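Student:
Protein chains: 2
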Amino acid sequence: MKKIRIIEAPKHIGETVTIGGWISNKRSSGKIAFLQLRDGSAYFQGVVVKSEVEESVFDLAKSLTQESSVWVTGIIQEDTRSKFGYEIHVKEIEIIGESKDYPITPKEHGTEFLMDHRHLWLRSSKQHAIMQIRNEVIRATYEFFNKEGFLKVDPPILTGNAAEDTTELFHTQYFEYDAFLSQSGQLYMEAAAMALGKVFSFGPTFRAEKSKTRRHLIEFWMIEPEMAFMNQEESLEIQEKYVAYLVQSVLNNCDMALEILERDKELLKKYTTLPYPRISYDEAVELLKENDFEIEWGEDFGSPQETFIANQYDQPVFILNYPKAIKPFYMKPHPDRDDVVLCADMIAPEGYGEIIGGSQREDDYEALQTQLEKHGLDIKDYDWYLDLRKYGSVPHSGFGLGLERTITWLSGTEHIREAIPFPRLLNRIYP
Amino acid sequence: MKKIRIIEAPKHIGETVTIGGWISNKRSSGKIAFLQLRDGSAYFQGVVVKSEVEESVFDLAKSLTQESSVWVTGIIQEDTRSKFGYEIHVKEIEIIGESKDYPITPKEHGTEFLMDHRHLWLRSSKQHAIMQIRNEVIRATYEFFNKEGFLKVDPPILTGNAAEDTTELFHTQYFEYDAFLSQSGQLYMEAAAMALGKVFSFGPTFRAEKSKTRRHLIEFWMIEPEMAFMNQEESLEIQEKYVAYLVQSVLNNCDMALEILERDKELLKKYTTLPYPRISYDEAVELLKENDFEIEWGEDFGSPQETFIANQYDQPVFILNYPKAIKPFYMKPHPDRDDVVLCADMIAPEGYGEIIGGSQREDDYEALQTQLEKHGLDIKDYDWYLDLRKYGSVPHSGFGLGLERTITWLSGTEHIREAIPFPRLLNRIYP
Ligand SMILES: [Mg+2]
Ligand SMILES: [Mg+2]
């Protein structure tokens with residue numbers, strides 16, 4: 001018998017096929033049973049009519065428990081009442097693995113309970129939908145940067161020094177050396193850009209930060225493009241083009257997932273309009289002051305302030321040129337003003353916060369050395385990084401996009417912990 | 001002036017354009033200077049004719065040092081003598097960053113010296129070519145698994161337990177917990193397959209192994225597909241289709257890189273022919289014995305033995321059904337024989353060794369529990385993993401492909417350390 005996946009049903013109308021799947025739900029009367037089937041590709045209904053099958057098949061259908069696995073054989077038919085549009089008229093059922101007392105029932109469960117059962121929770125339709133959106137964002141990222149002529153470069157995870165001056169690093173013993181888990185591959189990506197021109201990384205990063213908010217993960221994935229011969233203005237154009245591409249790809253390819261998540265597609269469509277609005281840090285501070293926020297020039301924005309700024313616009317917004325004092329050592333100062341740097345954060349709409357941070361990089365050897373010293377960093381640790389300014393330095397810019405924050409936003413999910421298959425949180429390293 | 005990249009030259013013949021790049025080499029006479037330019041996208045020649053440019057431009061051209069960065073403006077022309085086929089007739093040169101005493105000269109350097117300067121060594125044409133092949137293998141991997149209906153799933157890097165019973169793990173303190181860096185995401189991928197059907201991971205893995213061979217890295221990238229409702233036979237078909245797809249993609253899209261690496265394309269073409277040959281472990285042992293290797297049934301193959309087996313064939317070869325005793329706890333025993341498991345390694349041709357290891361997974365709760373105990377593993381650590389056999393267990397199979405081993409093979413590189421941008425080796429965590 002032909003084995004197909006549920007997602008392939010539209011190509012097999014009227015054919016008898018076999019599908020391997022799990023029972024996600026079931027209802028039955030004396031004459032008919034409706035099996036809600038899932039196989040990871042999609043969900044659809046299996047209809048078992050008592051008068052059309054052997055008695056043992058109908059009895060088995062009625063006895064199936066939640067998450068039991070089965071081979072189901074039957075005929076694919078159109079089903080105009082369901083969103084998916086197809087169903088299977090079941091002729092035979094073979095049980096593969098029973099499932100007794102499945103812990104996640106259709107009733108409400110607490111988050112800690114669900115997190116303890118994350119390996120099973122992923123089977124739920126909402127989690128499945130978020131993982132489909134995650135997959136699409138990843139797929140579209142590779143497609144976008146490949147089209148734009150970038151090469152994928154993987155910076156090391158284990159490093160001897162840190163990209164930013166912070167103590168929030170995981171330590172490990174690397175044979176006789178001390179090593180840390182990378183919280184950004186940027187410095188390495190700068191070296192790669194000098195060799196390969198336009199590059200992007202896409203890998204896990206780690207922050208041993210004791211914060212417990214709905215926007216923070218300890219282990220998260222970042223996309224970090226770096227571009228030689230590009231200034232900050234050109235980088236901003238790539239950034240907005242990339243984010244709009246992600247939104248459009250999700251709209252094009254995740255229709256069922258967006259339905260399940262009840263995500264407003266009209267809202268998402270607005271995020272595909274370019275260019276994105278821009279506001280300077282200076283203007284943003286003024287705007288906040290006018291609206292009774294307590295902030296002084298020189299301070300960083302908190303979450304409520306970012307949300308207030310974002311709410312002024314229908315698209316993601318760039319905040320440009322932050323004070324030098326609150327940004328990392330490697331950012332290039334504004335040519336006309338020494339107190340701000342050539343940088344921008346992109347703030348997502350609807351209160352989802354910062355999804356991109358980027359800047360033009362300091363490309364002058366002396367200036368970079370001075371900055372390293374001012375930040376109390378050891379020049380020796382940055383020997384190879386300084387080399388990039390010694391041997392044919394060029395203007396270059398880059399940025400980092402947080403994968404899970406972007407997924408949280410696109411899927412309209414409340415908490416970032418649902419945007420990654422197995423979240424690592426302050427008090428969680430299980431499962 | 002229109003800014004283009006070298007790779008775009010064919011679309012701009014006869015046009016005046018500006019290119020940002022580095023001087024990789026140079027030769028000049030009294031009347032003409034030839035600048036070898038690179039910008040990360042490709043290499044080509046800039047021709048500066050003394051009688052056609054301002055005197056200052058010609059003087060600057062003659063003074064340019066290796067790896068100095070420049071904006072070059074001129075007219076794109078065909079150049080039938082070069083492999084790339086195009087060159088630029090230079091009108092103006094603007095120097096961006098000087099480069100004095102660039103450490104890597106066209107002469108021979110020792111490997112340790114080059115590794116110490118990896119951030120610069122990446123600019124060399126051979127390293128550039130390997131990185132292009134790496135990019136293509138990554139790109140083709142996403143394309144293949146997306147087409148085949150797999151979802152990308154990222155298993156966690158920080159974990160509380162290990163996939164295989166070994167002490168070769170990096171440890172870190174995860175707040176109040178002990179954590180280890182993942183050396184395989186497989187167990188998590190099995191959970192994901194039960195939720196999403198067909199999944200693949202692609203991320204860094206870590207082995208704190210004190211081996212120093214030309215096939216080992218401490219930090220390396222793995223692709224780990226896992227498929228619900230698939231047996232080992234179906235998995236083998238996916239594996240060979242995937243590897244042939246990688247080879248074909250490199251042949252299609254890395255022509256210049258293969259030229260630079262002097263890689264035999266006719267040889268690579270043979271690796272696109274399917275199916276790949278198969279030999280059982282039993283047969284392989286017999287073959288080795290007949291050829292005077294000292295090996296007994298039950299022992300694992302070493303590198304010379306794998307190479308001997310591979311040399312019997314013109315394609316990668318599968319070695320099937322290894323002894324249970326030398327394979328991990330999660331592999332499913334052969335249905336007819338309890339002493340071997342349903343597994344296979346794929347051995348690359350030309351002595352490049354094992355590039356894939358895969359198996360059908362034990363899907364029976366009791367059998368898995370017994371195996372865990374036999375391997376001296378703590379059942380409690382595998383609680384969630386056992387759940388997968390408790391709630392709708394299904395036949396499932398998966399495999400892992402080592403990215404850098406595959407790149408080493410496809411690029412015909414001697415040592416795996418050149419297959420990754422910033423290698424982590426036994427005595428190296430710099431740069
Ligand atoms: Mg910020
Ligand atoms: Mg082996």
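Protein sequences, first through last, are from chains C and L.
Taking the UniProt record's numbering, the leading residue of the first sequence gets 1, the next gets one more, and so forth.
Taking the UniProt record's numbering, the leading residue of the second sequence gets 1, the next gets one more, and so forth.
In this text, a Cβ means the ideal position worked out from N, Cα and C, and glycines have one as well.
Model, not experiment: these values are computed from the prediction.
Of all the options L:M331, L:H396, L:T18, which has the alpha carbon lying nearest to the alpha carbon of T370 of chain L?
Tutor: L:M331
Student: Between the region 189-208 of chain L and the region 186-195 of chain C, do three or more beta carbon pairs fall short of 8 Å?
Tutor: no
Student: Do P156 of chain L and E112 of chain C have their C-beta atoms within less than 8 Å of each other?
Tutor: no
Student: Assuming residue 443 of chain L and Y43 of chain L make a contact with CB atoms under 8 Å, what is their CB distance in whole Å?
Tutor: Outside the displayed range of chain L (1 to 431) lies residue 443 of chain L, so it cannot be described from this structure.
Student: Below 8 Å, can you find three or more Cβ-Cβ pairs linking the region 418-431 of chain C to the region 3-23 of chain L?
Tutor: no
Student: So what does DSSP say about W121 of chain L, is it helix, strand or coil?
Tutor: helix
Student: Determine, using beta-carbon pairs with one atom in the region 218-234 of chain C and one in the region 397-415 of chain C, whether at least three such pairs fall under 8 Å.
Tutor: yes
Student: F58 of chain L CB to nearest chain C CB: under 8 Å?
Tutor: no
Student: Going along chain C in order, which residues have a C-beta closer than 7 Å to the C-beta of D387 of chain L?
Tutor: H119, L120
Student: Using the C-alpha atoms, what's the distance from V90 of chain L back to I13 of chain L?
Tutor: 14 Å
Student: According to the Cβ coordinates, are S69 of chain L and V341 of chain C closer than 8 Å?
Tutor: no
Student: What is the residue span of the beta strand (DSSP E) that N25 of chain C lies within?
Tutor: 16-28
Student: Taking any Cβ of chain L, which residues in the region 408-424 of chain C have a Cβ under 9 Å from it, in chain order?
Tutor: I420, P421, F422, P423, R424
Student: Using a cut-off of 9 Å between C-beta atoms, extract the partners of Y188 of chain L located in chain C.
Tutor: H119, P421, F422, P431
Student: Quick check: the region 315-332 of chain C against the region 345-363 of chain C, are at least 3 beta-carbon pairs closer than 8 Å?
Tutor: yes
Student: Which chain L residues sit within Cβ distance under 8 Å of P109 of chain C?
Tutor: First, the residue type needs correcting, since residue 109 of chain C is His and not Pro in the sequence shown. In chain order: nothing, as chain L lies at least about 15 Å away.
Student: Please classify S56 of chain L: does DSSP put it in a helix, a strand, or coil?
Tutor: helix
Student: Within this structure, are the beta carbons of P103 of chain C and H117 of chain C separated by less than 8 Å?
Tutor: Contact flag set, yes.
Student: Can you tell me whether DSSP reads P323 of chain L as helix, strand or coil?
Tutor: Assignment of P323 of chain L by DSSP, reduced to helix, strand and coil, places it in the strand class.
Student: Are there three or more Cβ pairs, one per stretch, closer than 8 Å when the region 119-134 of chain C is compared with the region 74-85 of chain C?
Tutor: no
Student: How many Å lie between M1 of chain L and S397 of chain C at the Cα?
Tutor: 21 Å
Student: Return yes when the Cβ of L151 of chain C is within less than 8 Å of the Cβ of V199 of chain C, no when it is not.
Tutor: Yes. Within cutoff.
Student: With a cut-off of 8 Å, does the C-beta of F170 of chain L fall near any C-beta of chain C?
Tutor: Yes - at least one Cβ of chain C is within 8 Å of the one on F170 of chain L.
Student: In angstroms, rounded to a whole number, what distance separates the CA positions of A228 of chain C and C254 of chain L?
Tutor: 22 Å
Student: Could you tell me which uninterrupted beta strand (DSSP E) segments, each at least 3 residues in length, are contained entirely in the region 217-271 of chain L, listed from first to last along the chain?
Tutor: 219-228
Student: Any idea what DSSP makes of I102 of chain L, helix, strand or coil?
Tutor: The sequence given here places Tyr at residue 102 of chain L; Ile does not occur at that position. Three-state result, Y102 of chain L: coil.
Student: Examine chain L for any beta-carbon lying closer than 8 Å to the beta-carbon of S125 of chain C, and answer yes or no.
Tutor: no
Student: Contact between the region 235-245 of chain C and the region 279-286 of chain C: three or more CB pairs below 8 Å?
Tutor: no
Student: Checking contacts by CB at 8 Å: is P204 of chain C closer than that to chain L?
Tutor: yes
Student: With DSSP collapsed to three states, give me the class of E8 of chain C.
Tutor: helix
Student: By alpha-carbon positions, which one of L:V48, L:L261, L:I356 ends up nearest to E306 of chain L?
Tutor: L:I356
Student: Looking at the secondary structure, which residues open and close the beta strand (DSSP E) in which I379 of chain L lies?
Tutor: First-last for I379 of chain L: undefined, no H or E at that position.
Student: Measuring only the C-alpha atoms, how far is E266 of chain C from W384 of chain C?
Tutor: 48 Å
Student: Closer than 7 Å, Cβ to Cβ, to anything on chain C: give me those residues from the region 22-53 of chain L, in chain order.
Tutor: W22, D39, G40, S41
Student: Going by beta carbon distance, what residues of the same chain come within less than 7 Å of P275 of chain L, once the five residues before and after it are set aside?
Tutor: E240
Student: Compute the beta-carbon to beta-carbon distance between I319 of chain C and I347 of chain C, rounded to the nearest angstrom, for a pair I have assumed lies under 8 Å.
Tutor: 6 Å
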